[in-house]
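This report refers to the structure that appears directly beneath it.
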Amino acid sequence: MIAGGPAGGDSQRARKAQVREAYGTTVRNNGRGTTTPFSSNSTRKNEADQRHHDALVITALLANYEIERVFVDSGSSADILYGEAYDQMQLGDVPLEVVDTSLYGFAGEVVHPRGMISLLLTLGTSPLRKTCLLKFLVVDIPSVYNVILGRPTLNAFRTIISTYHMKIKFPVVGGVGEAQADILQARRCYVEAIKREKKRILEETSSEENSNKRGKDSMPRTEPKEEAPVTVQLMEELLTVELIPGDPGKVTKIGSKMKKDVQEQVISCLLKNKDMFAWTPQDLEGIDPGVITHHLNLDSTIRPVKQKKRYFEPDKDKIIQGEVNKLLTAGHIREIQVPEWLSNVVLVPKPGGKWRMCIDYRDLNKMCSKDYYPLSRIDQLVDSTSRCELLSMMDFAGIPSNNARARRP
């Protein structure tokens, strides 16, 4: 048995509206008999009633008690009588039989019955009525229903179920009996079931939070455990190559497992192109614009966006100012008085407690047309180098901007 989902509305307001709708769409029997369980003489009052997904909730006569909220569930392997309804029926003179087999719900939850009781169940309306002696399991769990009629009852009555017509039919002496479902009761049960489940989840969540809080407060204080030092072992030894003899700060490293002739060629290439290495930000001259440039694919009809100034803590302001000074000194940025676009800086934490200064270009990115042929993914680039002995890479930061767009952001 499952209660939930959007069948009865995906919000509390929608579920209440569906209950109100039931007042005008209750299916009623026109009183005429039929000769086959598969036929139905009931008519729909409006189109809304044809779109229902309500459960089959009927009223039945159980042990001479008129019981409402009886749920017809063909997915249940047992007939269930809930403990609250059992206590109100005051059947103390009928002993409960001991049951050793537990019940298992849809989500795997286990329910141990209080016991089993044999009761007379009557379905239908006079004179087309039928009574059978059935065994009900009494369970002590909260439910919006009083009774669940499972497959034992449906088979005993030889029942045919129609959720579309909201009724069940069964053969009786002299014709076909039927029990009409109560749409109003079905929708009330649905709304109440959703409310109960939400309340239960909320209570469990609050209980867990309080338990976790108490557990943290009651935890004993212990001395911090000294962590063992992490040892990092290189896959191969590296050879140091001095690009400028006598300057230990201007060196690079290469692998030592290359063949001798390949190693000599790599060292020769590095020494020949030592002027390509950037040791300071000022050394990043970039690529000749005659070779390649890039520009932003901005829509000329778009109005520039100037973000509202953001304020940072004093210690973060010092970090930002230091990074800006580095870029100014290197000549990578310059100061302007009247910008067309204005984007704030953002500090992103780095491992080790340091900060990385970034720029919030979200507004600018929204104004740029998307590239239908973006750069390849990193894993594809790595796979493409599987049979290569050497790899040379170029940083996009070295490609200058188009002069026509240089004054943009």
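Going by my numbering, the sequence shown opens with residue 460, and the numbers climb by one from there.
Glycine included, every Cβ here is placed at the ideal spot set by N, Cα and C.
Note that the coordinates shown come from a computational prediction; the quantities given were computed from them, not determined experimentally.
Which residues in the same chain have their Cβ closer than 7 Å to the Cβ of R472, if we skip the five residues on either side of it in sequence?
One-based indexing of the sequence shown puts residue 472 at position 13. Once the five neighbours on either side are set aside, R472 has no close Cβ partner at all.
Is it buried or exposed, E568, if we count other Cβ atoms within 10 angstroms and call 16 or more buried?
Translated into positions along the sequence shown, residue 568 becomes position 109. Exposed, by the Cβ-count rule.
Look at the alpha carbon of I818 and the alpha carbon of L697, and state the distance between them as a whole number of angstroms.
Locating residue 818 in the sequence shown gives position 359, where the first residue counts as 1. Locating residue 697 in the sequence shown gives position 238, where the first residue counts as 1. Using only the alpha carbons, I get a separation of about 36 Å.
Should V603 and A652 be called a contact, given that it needs their Cβ atoms to be closer than 8 Å?
For the purposes of this step, residue 603 is identified with residue 144 of the sequence shown, where counting begins at 1. For the purposes of this step, residue 652 is identified with residue 193 of the sequence shown, where counting begins at 1. Yes, they are a contact pair.
Along the beta strand (DSSP E) that carries S577, what are the first and last residues, could you check?
For the purposes of this step, residue 577 is taken as the residue at position 118 of the sequence shown. Start and end: G574 to T584.
Out of W814, V606 and R479, which one is the CA nearest neighbour of S535?
On the sequence shown, position 76 is the one that residue 535 refers to. Measuring from the Cα of S535, the nearest candidate turns out to be V606.
I need the straight-line Cα distance from K750 to N732, nearest angstrom please.
Here residue 750 refers to the residue found at position 291 of the sequence shown. Here residue 732 refers to the residue found at position 273 of the sequence shown. The residue asked about is misnamed: residue 750 is Val in this sequence, not Lys. Distance between the alpha carbons of V750 and N732: 18 Å.
What are the boundary residues of the alpha helix (DSSP H) that includes G542?
Reading the sequence shown from its first residue, position 83 is the one you call residue 542. Its alpha helix (DSSP H) spans residues G542 to M548.
Between N784, V804 and L757, which lies nearest to K829 when the distance is taken from Cα to Cα?
Position 370 of the sequence shown holds residue 829. Looking at the Cα atoms, L757 is the closest of the given residues.
Opposing strand residues paired with R815 [DSSP bridges]:
One-based indexing of the sequence shown puts residue 815 at position 356. Looking at the DSSP assignment, R815 forms a beta bridge with V807.
Here's the rule I'm using: 16 or more other beta-carbon atoms within 10 Å means buried, otherwise exposed. How should G564 be labelled?
In the sequence shown, the residue the question calls residue 564 occupies position 105. That one is exposed.
Below 7 Å CB to CB, which residues in the same chain sit around Y545 once its five sequence neighbours on both sides are set aside?
Start at 1 with the first residue of the sequence shown, and residue 545 comes out as number 86. Result list for Y545: V597, in chain order.
Could you give the residue range of the alpha helix (DSSP H) that holds K777?
Counting from one through the sequence shown, the residue named residue 777 turns up at place 318. Looking at the DSSP string, the run of the alpha helix (DSSP H) that includes K777 is P773 to A789.
Name the DSSP beta bridge partners of S621, please?
In the sequence shown, the residue the question calls residue 621 occupies position 162. In DSSP, S621 forms a bridge with K626.
Go ahead and label C827 buried or exposed: buried means 16 or more other beta carbons lie within 10 angstroms of its beta carbon, across all protein chains shown.
Here residue 827 refers to the residue found at position 368 when the sequence shown is read from its first residue. Exposed.
What number of angstroms, rounded off, separates the C-alpha of D641 from the C-alpha of I660?
Along the sequence shown, one-based indexing puts residue 641 at 182. Along the sequence shown, one-based indexing puts residue 660 at 201. Approximately 29 Å, taken between the alpha carbons.
Integer-rounded CB distance, given that S802 should sit under 8 Å from D822:
What you label residue 822 is simply residue 363 of the sequence shown in a count that begins at 1. What you label residue 802 is simply residue 343 of the sequence shown in a count that begins at 1. Indeed they touch by this definition, with Cβ atoms about 7 Å apart.
Residues that DSSP places opposite V558 in a beta bridge:
Position 99 of the sequence shown holds residue 558. Answer is none; V558 lacks a bridge partner.
Please state whether the Cβ-Cβ distance between P611 and D538 is less than 8 Å.
On the sequence shown, position 152 is the one that residue 611 refers to. On the sequence shown, position 79 is the one that residue 538 refers to. Yes. Within cutoff.
I600 versus E656: straight-line alpha-carbon distance, rounded
Position 141 of the sequence shown holds residue 600. Position 197 of the sequence shown holds residue 656. The straight-line gap from Cα to Cα measures roughly 13 Å.
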